[in-house]
Amino acid sequence: MELEEMQTLWTSLSQRIEKLEIINNQKIMEITQIKYKNKFNTITKYESIGAVFCYFIAIFILLNFYKLDTWYLSVCGVISLAFLTIMPYFSLGYLKKLSNIDLTNSTYKKIIQQYQDVRKKTIAFQKWAVVASIFMMFITIPVADKLLNGEDFFAKEFDTQMWFVIGIGCVFVVYVAQWGLGWYKKITNSAEQMLYELDQD
Amino acid sequence: MQTEDYFVKTIRKNEGIIYKITKVYASSREDQKDLYQDIIFQLWRSFDSFKGKSKLTTWIYRVALNTALAHLQKSKRSPTLLTDEFSFEMLMSPEEDKNLKEQLEIMYDQIRNLNAIEKGIILLYLEGKSHDEIAEITGYSNTNVGTRIGRVKQKLKNNKLK
């Protein structure tokens with residue numbers, strides 16, 4: 008169908024629609040009363056729970072920081088603290104940016120650009136987060152070992168059981184990271200298609 | 002109460018515009034109802050802040066298209082208040098030309114296959130908007146609008162030849 012044919016059809020459609028009542032007054036008022044549920048509510052809820060959990064652990068490390076009595080354990084402690092505070096900040100920040108895009112005062116062009124921008128940053132963040140969480144596991148184990156068991160992980164002799172625990176830990180972290188990545192993908196999948204279309208432009 | 006009445010009148014007057022936008026941007030009936038609801042809600046939310054700098058219809062097109070665009074990102078539907086009867090095709094009388102319905106579906110499909118920018122621009126073009134008005138609503142320059150319309154024309158012509 009060519010554009011001119013479409014135009015004729017569209018005009019005919021418009022004329023017919025004008026004569027019909029698609030929605031009544033009462034329904035319009037009911038819609039205005041909806042307590043609007045933001046589409047990012049679910050993921051934001053999980054991210055917020057995660058953030059509270061991270062900050063809770065960060066406070067625990069901070070309060071017990073004096074127990075990290077060697078320079079290398081202190082370094083691990085500082086990195087853990089940084090990770091636990093920065094990660095939730097960025098992940099919630101991107102979600103906030105997505106949900107705060109102003110649909111009523113922006114133009115179509117600006118909205119597309121904003122989605123593109125947030126999407127690019129989110130993808131970069133996702134990739135970084137997966138690698139960082141695996142790295143972080145190796146950083147937090149010595150900190151947790153010291154704070155919970157009072158032992159210096161680096162001075163320990165590694166037996167089979169220890170390697171087994173580390174192995175299980177690695178699998179667990181990869182699983183959790185993949186799960187988190189899955190959530191992000193879920194909310195941005197359709198955006199991906201749209202941005203792909205834009206890239207083709 | 003006055004604002005509410007004015008809002009209802011505004012929506013009633015422009016319900017066709019919203020309907021056509023939802024038809025182009027939504028992939029299923031449920032999706033369409035959800036988008037229709039979203040658009041009305043967004044319009045209501047910002048109705049007080051509309052200062053009349055542009056024409057009321059320009060503002061409606063802008064909010065509706067932006068909401069439709071945001072809707073493409075949405076994976077979860079809100080509970081709908083609209084009834085099952087919500088469909089222009091269902092509102093058409095049985096004796097309406099079957100051929101027209103088929104033609105409309107072909108047209109919707111072709112528009113849905115365009116990319117997000119083209120979809121918005123072509124919809125406004127079909128609504129009979131001038132390049133200037135399309136530029137004002139979408140934020141693209143007048144020249145850019147012209148170029149994109151030309152590109153879509155070519156695309157549709159090529160599809161027809163295939």
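Note that the protein sequences, when read in sequence, are chains Y and C. Under the working numbering, the letters of the first sequence match residues 8 to 208, in that order. Under the working numbering, the letters of the second sequence match residues 2 to 163, in that order. Backbone N, C-alpha and C define an ideal beta-carbon position, used for all residues, glycine too. None of the values given here were measured: they were computed from a predicted structure.
Looking only at Met143(Y), Gln168(Y), Ser98(Y), Asn32(Y), the smallest Cα-Cα distance to Val125(Y) is reached by Ser98(Y). Residue-level contact check: Asn67(C) touches chain Y, since one or more beta carbons of chain Y fall below 8 Å from its beta carbon.
Inclusion of Glu5(C) and Met36(Y) in the CB contact set at 8 Å is warranted, their separation being smaller than that value. At least one CB of chain Y lies nearer than 8 Å to the CB of Ile12(C). For Thr58(C), the secondary structure class from DSSP, reduced to helix, strand or coil, is helix. Scanning the stretch 66-130 of chain Y from its first residue to its last, the whole alpha helix (DSSP H) runs of 4-plus residues come out as 78-106. Counting along the chain, the unbroken alpha helix (DSSP H) around Ala117(C) starts and ends at 117-127. In chain order, Ile19, Ile22, Ile40 place their CB closer than 6 Å to the CB of Ala65(C), counting only its own chain and leaving out the 5 sequence neighbours on each side. In the three-state reduction of the DSSP assignment, Lys14(C) falls in the helix class. Beyond the five residues adjoining it in sequence on each side, Ala58(Y) comes within less than 7 Å, by CB distance, of Pro95, Leu99 in the same chain, given in chain order. Per DSSP, reduced to three states, the secondary structure at Asp49(C) is coil, with no helix or strand assignment. Arg113(C) sits close to Val25(C), with the two beta carbons spaced by under 8 Å.
Contact annotation: Ala71(C) and Ile108(Y) have beta-carbon atoms nearer than 8 Å. The beta carbons of Lys116(Y) and Gly140(C) sit closer together than 8 Å. In this structure, the beta-carbon distance from Ile68(Y) to Val150(Y) falls below 8 Å. Contact between Phe51(C) and Trp45(C) is ruled out by a C-beta separation of about 11 Å, above the 8 Å threshold. Within chain Y, not a single residue places a beta-carbon under 9 Å from that of Gln33(C); the smallest gap is close to 11 Å. Taken through DSSP and simplified to helix, strand or coil, Ala151(Y) comes out as helix. At least one beta carbon of chain C lies nearer than 8 Å to the beta carbon of Leu110(Y).
With a threshold of 8 Å between beta carbons, Thr39(Y) makes contact with chain C. The straight-line gap separating the alpha-carbon atoms of Leu110(Y) and Gly157(Y) is approximately 54 Å. Secondary structure at Lys134(Y): helix, using DSSP grouped into helix, strand and coil.
For Ser21(Y), the enclosing alpha helix (DSSP H) begins and ends at 10-25. Of the candidates Phe72(Y), Leu91(Y), Lys74(Y), the residue whose Cα lies closest to the Cα of Tyr62(Y) is Leu91(Y). With contacts defined as CB atoms closer than 8 Å, Ile119(Y) and Ala117(C) qualify as a contacting pair. Only residues of its own chain outside the window of five on either side were considered, and among them Ser55, Thr59 have a CB closer than 8 Å to the CB of Glu137(C), listed in chain order.
The C-beta distance from Gly176(Y) to Met144(Y) rounds to 6 Å, short enough to fall under 8 Å. For a Cβ distance threshold of 9 Å, residue set Glu9, Leu10, Glu11 of chain Y lies close to Lys154(C), ordered along the chain. In the structure shown, Asn32(Y) falls within a helical segment according to DSSP collapsed to helix, strand and coil.
Of all residues in the stretch 47-64 of chain C, those with a C-beta nearer than 8 Å to a C-beta of chain Y are Ser47, Ser50, Arg63, Val64, reading in chain order. Shown here for Ile148(Y): same chain residues with a beta carbon closer than 8 Å to its own, the five before and five after excluded, namely Phe160, Ile173, Gly176 in chain order. When CB distances to chain Y are screened at a threshold of 7 Å, the residues of the stretch 107-126 of chain C falling below it are Ile107, Met108, Gln111, Asn116, Ala117, Ile118, Gly121, in chain order. Contacts with chain C (Cβ-Cβ distance below 7 Å) from the stretch 146-159 of chain Y involve no residue at all. Rounded to whole angstroms, the separation of the alpha carbons of Thr129(Y) and Lys52(Y) is 18 Å. For Trp78(Y), the number of other beta carbons within 10 angstroms of its own is below 16, and it is reported as exposed. Note on geometry: alpha-carbon atoms of Cys83(Y) and Ala139(Y) lie some 14 Å from one another.
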